[in-house]
Amino acid sequence: MIRRAGWLLLAPCCVLAQLQLALVEAGSERPAAGLLDLGTTDAGDVIDARFRLRNPGSAPATLRVLSVAGSGFTLSGPPILPLTVAAGHWTSFTVRFQSATYGLFAASLTVNTETVLLYTRARPALVLYVDEARGFRIVPAGSAVGFGSVERGSALSRRFRLENPGPTTMRLANMTMTMNGASWRGPAGLELPLTLAPQESVIFELTFAPQFAGPHQSILTVENRNYWLVAAAVEPPFPRPQVVLGPGTLASGQQARLTVRLASPSRRAGSGQLRLQFTPGVPGAWDDPAIRFLSPAGRVVTFTVEEGADTARFGEREEVEFQTGSTAGTLAFTVALGEHVEPVLAPLAPRPVVIDSAQASRAGGGLEVRLTGFDNSRSVSQAVFTFLDAGDRPVEPGPIRVDLAAEFRRYFETSTLGGVFAMRAVFPVTGDASRIAAVEAEMTNSIGTTRTERLRF
Amino acid sequence: MFRLVASLLLCAAATAAQPSLGPPSLGCLRDEQNRLRPVLGVAANFMVGEPWQAGVVAAACSGRFALVKLSGALLLLDESGLPLARWDAPAGPALFAFAAGGDPSLVWFPRAAALYRWRGGLIEPVAVQADALGPDVTAIAPAAGDRMMAIMSGPDGLWLRSISLATGQVEWEERVHPRAAPALLRPDGTLLLLDNAELVVRGGDSAERRIPLPFPASALEPLGEEWVAVGRVLALRLRDQGAEIYRLPEVGP
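Quick mapping for you: the protein sequence lines, in order, are chains X and S. Using the working numbering, the first residue of the first sequence is number 571, and each one after it goes up by one. Using the working numbering, the first residue of the second sequence is number 112, and each one after it goes up by one.
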């Protein structure tokens, strides 16, 4: 059968004005003129005929008209016209043939004012189509079908149609797909062997379900014809992380814990980072070295997330401990996981002086009081010592007030340890110091006053 | 240090208080790289400082002093890590004991089977019966009446032994735990030992308290006056009111 039979016959001349047309085969040129056989292929498959237009003259030649007319024939990558070809130079283009049916096909190739008749044959064969947004598209043998980008752990299916365009029944006994890990499934929707009557078709599905991230490919073999299936798998995104601080309100002088919870079970494994920053709320304070994670010690810790888990892991544990230091201000925890960066702020309110340890002792003929603690507002103003006799009666002259504001200010200006302090007060005693049995101490800062318990000598 | 003008009238005498301020020092600990480091701060607010001494074979800290055994020397450091005294010492490890108040009291060199005591600011050897102390000693402490206590570890458990420093002889002993375990004697006679994931505190009245530990630990070392390092990971504070456990900041390499 001949469709669009040749209706043009020109002089068997391969000179088109100043341009010479040639068919490029295996790297060499064959003059193209008159009637040109482009060969035979299977229905659905492609023939690409590459032509070259040379300008053998000594002056530039212009290509003004380039067209192909005939069922199944198209120009592939034609030059933009008009195109000037310099003397001694050439340009090229491709005529593509593809038909969903079998038969003898012809087309006219026009170059400027000259025309060449092209013809080819398509044998009956099963034709593969892929379902796309604008309908089914023929898939030539040897070409690729893209599945796009799919998250690992999810799946994407594409519909295909296999059609018998021929005049006789065709049998399909072999359809296979090379496996890449367990990433490809199918074909689903057909049972082999099958027979297809003329013009009959069958629909089936191939599924891409990647188990690992990266590029994937497979080869679909239909009888002896191969088709590439290509896809990419990407890791799914991490769920949004959230810093969850331990129960209760954070305050200075604590060892506390936090966890990093995920908004949903993670669909991927990976690691993230938790950063602790501190902004002092005390004038003159620049940082507090005790504010840090404990293991590993520092301001930054990494954590891991296992697939399916909804809580991050710090080593073997699901929580990480940190110290809140001895300076009022604001702790900022920033958790970074994948694309997520989530901050949480935790204020550390100023509080009265915290006395961690208090001791009273006799030193020579005097008395010694040692107070260890911290002042997170760094605003100690005074201390009061009340000495008691054996009957717990205050000893004259009663409470002794000591102005500490200047001394503490100087101490904190030079200390690099936050708001912690150790104060040692020695009271020389003239007289019988043994009559003093105990002391009570209190310290005052801008927030309030803290008293020790009764300290026995 | 500064002086403040405060008067304390007692028996018609005027006095003046003399407070001084400084960073609080809890004691010191030996890190994984055998460096002695100060531990500063207060409870739950620990800061581990830069190393005082490297190449430490054994060490103990009372809060006021640190005793440090190097490969061939014994050092006495003050609470700032400054050396106060240095003596030649036999090779091998050492066990230390402090008196109540934190003064150095005893040192035992097991490889040389040599016991020394501090008396009047001087260190002097103590002659002990050959089998009174040995390589099985895991902890020592001074005791009243010119005695010392020692914890002996053996296949049948831990034994508390009283030894006269005057005669060098064993006065008595009793089994205090059915299994061998890391142990520590406090200056007040309190025995601490690790029993699986618990810390056992055995007071002078033999009453036992068991404190669950958040992590398994394998060693007990004196950290400071009130403090014991448990496995270099935890800090235990023993007070009349009870025991407190904190986590120590991890020390990097």
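Just so it is clear, CB atoms sit at the ideal spot from N, CA and C, and this is done for glycine as well. Here the structure is a predicted model, which means the values were calculated and not measured.
The DSSP-derived three-state label of X/THR748 is coil. Taking 8 Å as the cut-off, the beta carbon of X/GLY842 is found closer than this to the beta carbon of X/VAL875. Per the Cβ contact rule, the region 971 to 980 of chain X is not in contact with the region 832 to 852 of chain X (fewer than 3 Cβ pairs under 8 Å). Short of 6 Å from the beta carbon of X/THR942, and not among the five residues preceding or following it, lie these beta carbons of its own chain, in chain order: ASP926, SER927 and ALA992. Only residues of its own chain outside the window of five on either side were considered, and among them ARG348 have a CB closer than 6 Å to the CB of S/GLU355, listed in chain order.
At least one CB of chain X lies nearer than 8 Å to the CB of S/GLY133. When only Cα atoms are considered, X/THR746 and X/VAL792 end up about 7 Å apart.
At a cut-off of 8 Å between C-beta atoms, X/ASP926 counts as an interface residue with respect to chain S. By the Cβ criterion, the region 709 to 729 of chain X is in contact with the region 801 to 817 of chain X, since at least three pairs of Cβ atoms, one from each stretch, lie closer than 8 Å. Between S/GLY268 and S/ASP247, the C-beta spacing is not below 8 Å. Listed in chain order, the positions of the region 805 to 824 of chain X with a beta carbon within less than 9 Å of a beta carbon of chain S are SER822, GLY823 and GLN824. Neighbours of S/GLU361 across chain X, judged by C-beta separation under 7 Å: LEU864, SER865, PRO866 and ALA867. Residues of chain S with a Cβ closer than 9 Å to the Cβ of X/PRO922 do not exist, since the nearest Cβ in that chain sits about 15 Å away. Contact between X/ASP701 and X/ARG728 holds, since their C-beta atoms are separated by about 7 Å, short of 8 Å. The C-beta of X/GLY895 comes closer than 8 Å to at least one C-beta of chain S.
In this structure, the CA atom of X/GLU909 is about 8 Å from the CA atom of X/PHE808.
Take X/SER949, set aside five residues on each side of it, and the residues of its chain with a beta-carbon closer than 6 Å to its own are ASN1015 and SER1016, in chain order. X/ARG810 carries a coil assignment under DSSP once its states are collapsed to helix, strand and coil. In this structure S/PRO327 does not touch S/ALA346 by the C-beta definition: roughly 16 Å separates them, more than the 8 Å allowed. Beta-bridge partners of S/LEU185 (DSSP): S/LYS180 and S/TRP198. Within the region 143 to 154 of chain S, LEU151, GLY152, VAL153 and ALA154 place their CB atoms closer than 7 Å to a CB of chain X, listed in sequence order. Cα atoms of X/ARG600 and X/VAL655: separation of roughly 20 Å, rounded to the nearest angstrom. Counted as a single uninterrupted DSSP element, the alpha helix (DSSP H) harbouring X/ALA975 occupies residues 975 to 984. For S/ARG350, the pairing in a beta bridge is given by DSSP as S/GLY353. X/ALA1003 carries a helical assignment under DSSP once its states are collapsed to helix, strand and coil.
Contact annotation: the region 731 to 740 of chain X touches the region 770 to 788 of chain X, with at least three C-beta pairs closer than 8 Å.
Within the model, the alpha-carbon separation for X/VAL697 versus X/ALA839 is close to 43 Å.
Classified as exposed, X/PHE782 has fewer than 16 neighbouring CB atoms from the shown chains inside 10 Å of its CB. Exposed is the label assigned to X/GLY658, since fewer than 16 other Cβ atoms lie within 10 Å of its Cβ.
Taking all protein chains shown into account, X/GLY895 has 16 or more neighbouring C-beta atoms within 10 Å of its C-beta and is therefore buried. Among the residues facing chain X, S/TYR357 is included, as its CB has a counterpart in that chain under 8 Å away. The contact set of X/SER985 on chain S, defined by CB atoms closer than 7 Å, consists of PRO134 in chain order.
X/THR738 and X/GLU761 have their C-alpha atoms spaced approximately 20 Å apart.
Secondary structure of X/GLY936 (DSSP, three-state): strand. For chain S, the residues of the region 828 to 859 of chain X that bring a beta carbon within less than 7 Å of one of its beta carbons are PRO859, in chain order. Between the region 129 to 143 of chain S and the region 877 to 888 of chain X, the count of Cβ pairs shorter than 8 Å is below three; the stretches do not touch.
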